[in-house]
Each structure stands twice: as structure tokens, then as C-alpha cells.
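Asker: The following block contains the structure, expressed as C-alpha cells.
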Amino acid sequence: MLGSLTNPFAAAFPRRVGLFLLLLAPLCWTTELRAQPNSPDGLVYKSGYSSIMKLGRDLYTGLKKDKRDTISAQPISIETDLMPFVKLLYYPDDPNPPIRGVWISAGFIDLVNHVAHAKAIDRKQKGFFDKYVMSLAQETGEMELKPLPGDTNPAYWTDDMLNEQLSNFNSIVGMVVGIKLAHHYLGHYEKYKDRLQDKDGKTIPINSLLSEEEWREALLKGARNALDAGCTIEGVIPFFEAFEKMETRPAWAPYFLPNTAKFSRLKKDLEKVQKDFFAGRD
12 MLGSLTNPFA
22 AAFPRRVGLF
32 LLLLAPLCWT
42 TELRAQPNSP
52 DGLVYKSGYS
62 SIMKLGRDLY
72 TGLKKDKRDT
82 ISAQPISIET
92 DLMPFVKLLY
102 YPDDPNPPIR
112 GVWISAGFID
122 LVNHVAHAKA
132 IDRKQKGFFD
142 KYVMSLAQET
152 GEMELKPLPG
162 DTNPAYWTDD
172 MLNEQLSNFN
182 SIVGMVVGIK
192 LAHHYLGHYE
202 KYKDRLQDKD
212 GKTIPINSLL
222 SEEEWREALL
232 KGARNALDAG
242 CTIEGVIPFF
252 EAFEKMETRP
262 AWAPYFLPNT
272 AKFSRLKKDL
282 EKVQKDFFAG
292 RD
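If you use the numbering used here, the sequence shown corresponds to residues 12 to 293, in order.
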């Protein structure tokens with residue numbers, strides 16, 4: 012699996028091969044991200060590789076110069092893993108400054124497409140989103156996510172529905188990646204980098220190590236970065252709230268929200284960041 016080969020923590024991973032795969036991984040998914048195998052014939056999401064890469068560039072451009080100096084100009088690279096995750100990417104050797112960004116998995120892209128679509132459908136069919144969240148809680152990440160219930164219904168694939176889905180998608184990806192990038196320039200990666208793998212070499216999500224205040228700081232800084240990149244909070248709020256609705260969260264949930272975090276308490280802070288942004292206040 013390419014995901015296992017592109018582990019930035021692999022001690023013996025050759026530098027040039029690493030950069031080659033860093034560039035190759037997104038290209039390998041260009042076609043696959045443009046189509047949904049379970050959708051009606053000819054109906055696909057408007058979200059995909061090109062929109063993700065544009066978001067990455069916009070997030071970088073939206074940072075102040077001192078923060079841009081610590082982040083790669085294209086901070087997003089894609090892994091082929093089915094488990095939904097966003098991990099910190101760091102290559103310390105050769106370049107000056109080092110390469111910093113995030114890995115996002117194919118499973119994360121599927122997750123966001125589904126959540127964004129379920130929320131769009133919920134505007135017309137109340138209760139759809141909550142039902143999907145309960146189903147989502149059962150996903151282990153070991154296999155491809157199940158399609159949305161009734162996803163062959165043409166009513167779910169109208170232009171208005173897909174535009175709403177795309178708006179939600181951009182909000183979620185922009186905010187989640189913005190938060191992860193904040194861990195680089197806030198120093199959280201440097202603080203915890205030696206603890207981001209267990210004894211078996213498996214990744215430990217940085218959210219499992221952060222203090223409550225560190226998570227809040229990254230949330231708010233990342234949200235402001237995402238707003239500067241043109242992403243609002245309306246799509247990401249139900250994304251985070253979904254985890255709080257689950258009786259038992261899936262094992263991959265800490266990649267997005269610390270198990271101890273109470274997003275309901277932070278929602279007002281997030282809304283204030285957006286209100287201040289549109290009012291022209293820093």
C-alpha cells in the first residue's frame with residue numbers, strides 16, 4: 012500500500028524517493044476522486060482532487076508571512092489509505108526550511124464527501140443526517156465507507172444539492188486542514204513529535220496528546236486561516252457535532268476531535284471567530 016511507503020517517520024526512507032511519492036500520490040488519485048462508484052450513472056460530486064489542491068494553496072496564501080515560512084506552498088498530500096485521517100507531514104532533511112504540511116487519506120475524502128452530502132440531503136429530508144451519523148459510528152476504517160442510504164436517488168444529485176455538498180465539503184476540508192497546519196506553526200508538532208508513534212510504529216493522532224488549551228488554540232487559529240482562504244464554518248460545525256452524537260466513536264475519530272473535547276463548548280468561540288472576521292476585526 013502506498014500509504015505505508017509514504018510514512019514521513021520512516022527512518023530509512025530515501026529522501027528522493029520520498030519526494031517522488033509525495034508528488035505521485037495526489038496524481039494517482041486524480042481520476043478516482045472525480046467519480047463515486049455507487050452514484051447514479053453520470054452523477055458525480057463536484058468536489059475532488061482539483062478542489063482539494065486549490066484549498067491547500069489558498070490556505071497557504073491566507074497565512075501571514077511568518078507562518079508561511081513554516082508551511083509548504085502546497086501543504087496537502089494524499090495517501091491511499093481507506094481509514095479516514097489527516098496526519099501531520101514533516102520532512103526535516105535537505106530543504107531549508109523543512110517541508111511541513113498534512114497527509115490526507117482517501118478515506119478522509121470519502122468521509123467528507125459523504126458527511127457533506129448527508130447534511131445537504133438533510134435540508135430537504137429532516138433526520139437523514141442524524142441517521143447517517145449513527146451508521147458512520149460503526150465504520151472501522153478497515154474497508155471503504157458504505158455509501159449513503161438511497162444514494163442512487165436522483166433527487167439527491169440535483170445541481171442545488173451538489174452545490175450545497177461542495178460548500179460543506181470545502182468548509183470541512185478547509186477547517187480541518189487549517190487546524191492541522193496550526194499545529195506546525197504553534198509548535199505543537201515539535202513538542203509532541205517523539206510521541207506520534209507507538210512501540211509498534213502505528214500513528215498516534217496528535218489530538219490524543221494535546222492539552223485542552225492547545226486544541227482550542229489550534230482550532231481558532233486554523234479557523235481564521237480557513238476563513239482567509241474562503242471557507243466558512245457552516246459545514247464543519249455539523250462535522251464536529253457528529254462525533255458528539257455518537258454513543259461510541261470509531262477508532263479514527265481522534266484524528267479530527269480529541270476524545271475529551273466538548274465541541275459544544277467551543278462552538279461559540281468558533282462562531283465568534285467568523286463574526287469577527289466578517290466584521291473586519293482581527
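The C-beta atom is built at its ideal place from N, Cα and C for all residues, glycine as well.
(1) Is Phe96 closer than 8 Å to Tyr203 when the C-beta atoms are compared?
(2) Have a look at Ala264 and Lys157 and give me their C-alpha separation to the nearest angstrom.
(3) Please check the pair Pro86 and Gly112, which I expect to be a contact at CB under 8 Å, by giving their CB distance rounded to whole angstroms.
(4) For Pro109 and Ser83, I'd like the C-alpha separation in whole angstroms.
(5) At the level of alpha carbons, what is the spacing between Leu93 and Glu155?
(6) Alpha carbon to alpha carbon, how far is Ile115 from Ser88? Give it in angstroms, no decimals.
(7) What residue from Asn107, Leu277 and Val123 has the CA that sits closest to Asn181's CA?
(8) Which residues does DSSP pair with Arg111 in a beta bridge?
(9) Return the CA-CA distance between Tyr71 and Arg79, expressed in angstroms with no decimal places.
(10) Would you mind working out which of Lys283, Glu258, Ala131 and Leu74 sits nearest Tyr196, comparing C-alpha positions?
(11) Cα separation between Ala272 and Arg227?
(12) Just reading off the alpha helix (DSSP H) that Glu201 is part of, what are its end residues?
(13) Hey, Phe274 and Phe251: beta-carbon distance below 8 Å or not?
(14) Could you check if Met145 is buried or exposed, using at least 16 other CB atoms within 10 Å of its CB as the buried criterion?
(15) My output table needs one value for Thr151: the three-state DSSP class, helix, strand or coil.
(16) Tell me, please, which residues DSSP counts as bridged to Glu90.
(17) Given a cut-off of 8 Å on the beta-carbon distance, is the pair Gly241 and Asp69 in contact?
(18) Please report the straight-line C-alpha distance between Pro48 and Pro160, rounded to a whole angstrom.
(19) Return yes when the Cβ of Lys135 is within less than 8 Å of the Cβ of Gly246, no when it is not.
(20) Apart from the five residues on each side of it in sequence, which residues of its chain come closer than 8 Å, Cβ to Cβ, to Ile215?
(21) Which value, in whole angstroms, describes the spacing of the CA atoms of Ala212 and Ser219?
(22) Could you pull out every unbroken alpha helix (DSSP H) segment of at least 4 residues lying fully inside the segment 198-238, listed in chain order?
(23) Take the Cβ of Asn236 as the centre, count every other Cβ of all protein chains shown within 10 Å, and call the residue buried at 16 or more, exposed below.
Answerer: In terms of the structure at hand:
(1) As a first step, residue 203 must be located in the sequence shown, where it is residue number 192. As a first step, residue 96 must be located in the sequence shown, where it is residue number 85. Against a cut-off of 8 Å, the Cβ pair of Phe96 and Tyr203 comes out as no contact.
(2) One-based indexing of the sequence shown puts residue 264 at position 253. One-based indexing of the sequence shown puts residue 157 at position 146. About 17 Å.
(3) Here residue 86 corresponds to residue number 75 of the sequence shown, with the count starting at 1. Here residue 112 corresponds to residue number 101 of the sequence shown, with the count starting at 1. That pair is a contact at about 3 Å.
(4) To locate residue 109, count along the sequence shown from 1; it is residue 98. To locate residue 83, count along the sequence shown from 1; it is residue 72. The straight-line gap from Cα to Cα measures roughly 8 Å.
(5) Residue numbering aside, residue 93 sits at position 82 when the sequence shown is read from its first letter. Residue numbering aside, residue 155 sits at position 144 when the sequence shown is read from its first letter. The alpha-carbon atoms of Leu93 and Glu155 are separated by roughly 6 Å.
(6) Indexing the sequence shown from 1 puts residue 88 at position 77. Indexing the sequence shown from 1 puts residue 115 at position 104. Near 6 Å, if we compare the C-alpha coordinates of Ile115 and Ser88.
(7) Residue 181 sits at position 170 when you count from the first residue of the sequence shown. If you compare the alpha carbons of Asn107, Leu277 and Val123 with that of Asn181, the shortest gap goes to Val123.
(8) Start at 1 with the first residue of the sequence shown, and residue 111 comes out as number 100. Answer is Tyr101, bridged to Arg111.
(9) The residue given as residue 71 occupies position 60 in the sequence shown. The residue given as residue 79 occupies position 68 in the sequence shown. Rounded to the nearest angstrom, the gap between the Cα atoms of Tyr71 and Arg79 is 6 Å.
(10) Here residue 196 refers to the residue found at position 185 of the sequence shown. Measuring C-alpha to C-alpha distances from Tyr196 to each of Lys283, Glu258, Ala131 and Leu74 identifies Leu74 as the nearest.
(11) By one-based count along the sequence shown, residue 272 stands at place 261. By one-based count along the sequence shown, residue 227 stands at place 216. Whole-angstrom Cα-Cα distance: 9 Å.
(12) Looking up residue 201 in the sequence shown gives position 190. Segment His199 to Tyr203, the alpha helix (DSSP H) holding Glu201.
(13) As a working note, residue 274 is residue 263 in the sequence shown. As a working note, residue 251 is residue 240 in the sequence shown. Against a cut-off of 8 Å, the Cβ pair of Phe251 and Phe274 comes out as a contact.
(14) Here residue 145 refers to the residue found at position 134 when the sequence shown is read from its first residue. With fewer than 16 Cβ atoms within 10 Å of its Cβ, Met145 is classed as exposed.
(15) Here the question's residue 151 lines up with position 140 in the sequence shown. In the three-state reduction of the DSSP assignment, Thr151 falls in the coil class, being assigned neither a helical nor a strand state.
(16) Numbered from its first residue, the sequence shown carries residue 90 at position 79. According to DSSP, Glu90 bridges with Ser116.
(17) Locating residue 241 in the sequence shown gives position 230, where the first residue counts as 1. Locating residue 69 in the sequence shown gives position 58, where the first residue counts as 1. In this structure, Gly241 places its C-beta atom within 8 Å of the C-beta atom of Asp69.
(18) As a position in the sequence shown, residue 48 is number 37, starting the count at 1. As a position in the sequence shown, residue 160 is number 149, starting the count at 1. Confidence at Pro48 is low in this model, with a pLDDT of 45, below 50, so its placement is unreliable and the value that follows should be read with caution. Pro48 and Pro160: Cα-Cα distance of roughly 14 Å.
(19) Indexing the sequence shown from 1 puts residue 246 at position 235. Indexing the sequence shown from 1 puts residue 135 at position 124. Gly246 places its beta carbon 8 Å or farther from that of Lys135.
(20) Position 204 of the sequence shown holds residue 215. Correct list, in chain order: Arg206, Leu207, Gln208 and Asp209.
(21) Stepping through the sequence shown from its first residue, residue 212 is reached at position 201. Stepping through the sequence shown from its first residue, residue 219 is reached at position 208. Before going further, note that residue 212 is Gly rather than Ala in the sequence given. One C-alpha to the other measures close to 16 Å.
(22) If we require 4 residues or more, the alpha helix (DSSP H) runs fully inside the segment 198-238 come out as 199-203.
(23) The residue you call residue 236 lines up with position 225 of the sequence shown. Asn236 is buried by the Cβ-count criterion.
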